[in-house]
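Asker:
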Amino acid sequence: MKSLEELRAIRERMQRQIDLREQSDEDIRVVVGMATCGIAAGARPVLSAFLEEVSKRGLQHVAVTQTGCIGVCRLEPIAEVYVPGEEKVTYVKLTPEKVPRIVAEHLVNHSPVVEYTIGAAE
Amino acid sequence: MKELSLHLLDIAQNSLAAGARHVALGVEEADGEITLTVADDGRGMSPELLARVTDPFTTTRTTRKVGMGLPLLRLAAEQTGGTLAVESREGVGTTVTAVFHAGHIDCPPLGDLAATVALLAQGLSGETELTYMHKGPQGAFTFDTAQVRAILGPEVPLSLPEVAQWMEGYVAEGEAGLRPEAPPERGTRLDTVREGTT
Chain P
25 MKSLEELRAI RERMQRQIDL REQSDEDIRV VVGMATCGIA AGARPVLSAF
75 LEEVSKRGLQ HVAVTQTGCI GVCRLEPIAE VYVPGEEKVT YVKLTPEKVP
125 RIVAEHLVNH SPVVEYTIGA AE
Chain S
40 MKELSLHLLD IAQNSLAAGA RHVALGVEEA DGEITLTVAD DGRGMSPELL
90 ARVTDPFTTT RTTRKVGMGL PLLRLAAEQT GGTLAVESRE GVGTTVTAVF
140 HAGHIDCPPL GDLAATVALL AQGLSGETEL TYMHKGPQGA FTFDTAQVRA
190 ILGPEVPLSL PEVAQWMEGY VAEGEAGLRP EAPPERGTRL DTVREGTT
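Going down the list, the sequences are from chains P and S. Taking this note's numbering, I'd label the letters of the first sequence as residues 25 to 146. Taking this note's numbering, I'd label the letters of the second sequence as residues 40 to 237.
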């Protein structure tokens with residue numbers, strides 16, 4: 025059962041981690057398109073998969089956020105990855121199954137998964 | 040949209056984009072109907088915009104000239120013999136109410152309401168709160184991000200993946216409590232055949 029005690033435990037754990045690390049503009053950002061086009065194409069499970077994978081790996085310097093229509097509706101679900109100091113990478117036609125590889129190879133090892141990018145799709 | 044919960048997610052995103060400080064999601068199952076409600080205190084709409092808001096070529100965004108969320112919801116509701124109503128006042132807020140006839144063959148399933156609620160909460164700004172109420176045949180379940188924030192305190196945001204996962208699990212368990220319990224398993228089909236032949 026999910027309890028409020030469990031939520032309090034998350035607070036304690038997160039407060040310790042927040043105390044340990046500097047809040048920084050150097051965080052990696054994953055931005056998932058959550059407009060009508062994205063939602064209809066399957067963005068909700070993709071966003072859930074990013075949250076699950078980032079949580080599972082305990083990646084403290086990764087922020088997963090949402091945005092509206094990214095502008096290429098036919099390629100949804102889309103996620104943009106911003107790594108400080110590197111070029112933005114746009115992943116298209118995502119599925120939850122593709123997410124663990126993006127997290128492992130791009131967010132952790134800084135090596136974009138080229139075959140999932142908009143450059144490979146277009 | 041394959042699920043009603045995806046419509047709910049989509050329409051609520053409009054509320055957040057309209058600068059709402061409070062968004063109230065409602066799901067009610069009664070008398071063979073499913074009623075979805077999204078009510079916000081966002082900027083609202085002018086009477087002119089409200090009059091054509093379910094036209095797919097009406098949108099407030101500037102990047103393109105189509106807005107499909109409300110037209111798709113209206114189509115989905117009307118396909119089941121249901122209705123869509125949008126009430127709005129500039130500076131006050133907007134309420135979207137969609138009624139579906141649950142027994143109609145074209146009525147989509149409710150779907151993963153927990154994922155919808157958790158992801159909306161995960162994407163909230165610090166100034167916005169979300170409440171959710173699902174009234175089902177077995178009772179009601181409510182969820183309020185203000186209560187979650189009261190426990191988390193100001194330093195731990197709803198956007199953290201661990202918090203989002205907790206919220207999804209919490210709402211999923213609340214949703215499960217609204218469903219009648221599944222009948223106990225009676226063994227495999229093979230067992231049944233054996234029982235009948237011995």
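Beta carbons: idealized from backbone N, C-alpha and C, even for Gly.
In the structure shown, what three-state DSSP assignment does S/K104 receive?
Answerer: In the second sequence, the residue the question calls residue 104 of chain S occupies position 65. It is coil, neither helix nor strand.
Asker: Ends of the beta strand (DSSP E) at P/G143?
Answerer: If you number the first sequence from 1, residue 143 of chain P lands on position 119. Note, P/G143: premise wrong, no beta strand (DSSP E); alpha helix (DSSP H) at 142-145.
Asker: Give the straight-line distance between the Cα atoms of S/T120 and S/G106, rounded to the nearest whole angstrom.
Answerer: Taking the second sequence and counting its residues from 1, the one referred to as residue 120 of chain S is at position 81. Taking the second sequence and counting its residues from 1, the one referred to as residue 106 of chain S is at position 67. Reading off the sequence, residue 120 of chain S comes out as Gly, not Thr. Each residue's Cα considered, the two are about 23 Å apart.
Asker: Have a look at S/E214 and S/A189 and give me their C-alpha separation to the nearest angstrom.
Answerer: Here residue 214 of chain S corresponds to residue number 175 of the second sequence, with the count starting at 1. Here residue 189 of chain S corresponds to residue number 150 of the second sequence, with the count starting at 1. Answer to the nearest angstrom: the Cα atoms are 22 Å apart.
Asker: Starting from the beta carbon of P/L28, find every residue of chain S whose beta carbon is closer than 7 Å, and list them in chain order.
Answerer: Start at 1 with the first residue of the first sequence, and residue 28 of chain P comes out as number 4. Under the 7 Å cutoff, chain S gives I190.
Asker: Starting from S/T155, trace the alpha helix (DSSP H) both ways and give me its first and last residue.
Answerer: As a first step, residue 155 of chain S is located in the second sequence; it is residue number 116 there, counting from the start. From DSSP, the alpha helix (DSSP H) with S/T155 extends over 152-161.
Asker: Contact defined as beta carbons within less than 8 Å: I believe S/P200 pairs with P/V78. What is the distance between those atoms, to the nearest angstrom?
Answerer: Translated into the one-based positions of the second sequence, residue 200 of chain S becomes position 161. Translated into the one-based positions of the first sequence, residue 78 of chain P becomes position 54. At roughly 5 Å, the Cβ-Cβ gap stays under 8 Å, so S/P200 and P/V78 are in contact.
Asker: As an exercise, report each continuous alpha helix (DSSP H) stretch of at least 4 residues that is fully enclosed by the region 37-77 of chain P, in chain order.
Answerer: Taking only runs of at least 4 residues, the alpha helix (DSSP H) segments lying wholly in the region 37-77 of chain P are 60-65.
Asker: Shorter than 7 Å from the beta carbon of S/M84 to some beta carbon of chain P?
Answerer: Along the second sequence, read from residue 1 onward, the residue named residue 84 of chain S stands at position 45. Chain P contact via Cβ: absent.
Asker: Give the residues from the region 109-140 of chain P that approach chain S closer than 8 Å (Cβ to any Cβ), ordered along the chain.
Answerer: Going along the region 109-140 of chain P in chain order, one finds no residue with a Cβ nearer than 8 Å to chain S.
Asker: Here's the rule: buried if 16 or more other CB atoms are within 10 angstroms of the residue's CB, otherwise exposed. What is P/V70?
Answerer: Residue 70 of chain P sits at position 46 when you count from the first residue of the first sequence. Buried, because 16 or more other Cβ atoms sit within 10 Å of the Cβ of P/V70.
Asker: Give a yes or no on contact between the region 73-85 of chain S and the region 52-62 of chain S, applying the rule of three or more CB pairs nearer than 8 Å.
Answerer: Yes, the region 73-85 of chain S touches the region 52-62 of chain S.
Asker: Nearest to S/E129 by CA position, among S/G58, S/F182, S/G142, S/Q186, is which residue?
Answerer: Numbered from 1 along the second sequence, position 90 holds the residue referred to as residue 129 of chain S. Measuring from the Cα of S/E129, the nearest candidate turns out to be S/G58.
Asker: Quick check on S/Q177: buried or exposed, where buried means 16 or more other Cβ atoms within 10 Å of its Cβ?
Answerer: By 1-based counting over the second sequence, the position of residue 177 of chain S is 138. Counting Cβ neighbours within 10 Å, S/Q177 comes out exposed, since fewer than 16 surround it.
Asker: So which of S/G71, S/G142, S/M40, S/L158 has the shortest CA-CA distance to S/R113?
Answerer: Position 74 of the second sequence, counted from the first residue, corresponds to residue 113 of chain S. Here the closest residue by C-alpha is S/M40.
Asker: Three Cβ pairs or more, each shorter than 8 Å: is that satisfied between the region 141-160 of chain S and the region 120-137 of chain P?
Answerer: The region 141-160 of chain S vs the region 120-137 of chain P: no contact.
Asker: What residues in its chain sit with their C-beta under 7 Å from that of S/D230, if we drop five residues either side in the sequence?
Answerer: Within the second sequence, residue 230 of chain S is the residue found at index 191, counting from 1. Confidence is the limiting factor: at S/D230 the pLDDT is only 49, short of 50, which leaves the residue's position unreliable, though a coordinate-based value still follows. So the list is empty, once near-sequence residues are dropped.
Asker: List the residues of chain P that S/S198 touches, going by C-beta distances under 8 Å, in chain order.
Answerer: Walking along the second sequence from the start, residue 198 of chain S turns up at place 159. Neighbours of S/S198 on chain P, chain order: A87, V88, T89.
Asker: Distance cutoff 7 Å, beta carbons only. Does P/A73 sit that close to anything in chain S?
Answerer: Taking the first residue of the first sequence as 1, we reach residue 73 of chain P at position 49. Not closer than 7 Å to any Cβ of chain S, the Cβ of P/A73 fails to qualify, so no.
Asker: On the premise that P/R68 lies in contact with S/A154, defined as a C-beta separation below 8 Å, what is that separation, rounded to the nearest angstrom?
Answerer: For this step, residue 154 of chain S is matched to residue 115 along the second sequence. For this step, residue 68 of chain P is matched to residue 44 along the first sequence. Indeed they touch by this definition, with Cβ atoms about 6 Å apart.
Asker: Who are the near neighbours of S/V92 in its chain, counting only those whose CB is closer than 7 Å to its CB and skipping five residues on each side?
Answerer: Residue 92 of chain S sits at position 53 when you count from the first residue of the second sequence. Within the same chain, S/V92 has close Cβ partners M84, L109, V125.
Asker: Quick check: the Cα distance between P/E121 and S/R60, rounded to an integer number of angstroms?
Answerer: For this step, residue 121 of chain P is matched to residue 97 along the first sequence. For this step, residue 60 of chain S is matched to residue 21 along the second sequence. Taking the straight line joining both Cα atoms gives about 35 Å.
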